[in-house]
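Participant: In the numbering used here, the protein residues as written are 182 to 266. C-beta: ideal position from N, C-alpha, C; glycine also.
1. Does the distance from the C-beta atom of residue 245 to that of residue 211 stay below 8 Å?
2. Using only CA atoms, which one of 241, 199, 250, 260 lies nearest to residue 207?
3. Please check the pair residue 305 and residue 238, which I expect to be a contact at CB under 8 Å, by giving their CB distance rounded to whole angstroms.
4. Could you check which residue in 225, 197, 214, 198 has the C-alpha nearest to that of residue 204?
5. Which whole-angstrom value describes the C-beta separation of residue 223 and residue 231, a residue pair presumed to lie in contact below a C-beta threshold of 8 Å?
6. Distance, Cα to Cα, residue 214 vs residue 201?
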C-alpha cells in the first residue's frame, strides 16, 4: 500500500509546468565599454518574466554586462530548456 502511494506521488510530481516561447534582444556593454546587441530565444514558465531569463542566457554567452532585454512572445512550442529554444 505504501509503495502504491509513493508511485502515485512520484508520478504526480512529473507533470511539467506550461511554458511560453519568446524571442529576445539584449543590449550589453563589453568590459571595454563597447556597446552591442545579442539576440536569443527563451522558454519560460507561464507568468514568468522572459526578460530576466534572456538576460541570464546572454550573460552566459560571455558578451559582457547586459543592460536591457526586450522580448516578444512567439506562437510556437518550447522545450524544458530555458535558453536557445
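Facilitator: Inspection of the coordinates gives the following:
1. yes
2. 250
3. Since the first residue shown for the chain is 182 and the last is 266, residue 305 is missing from the structure and cannot be characterised.
4. 225
5. 5 Å
6. 33 Å
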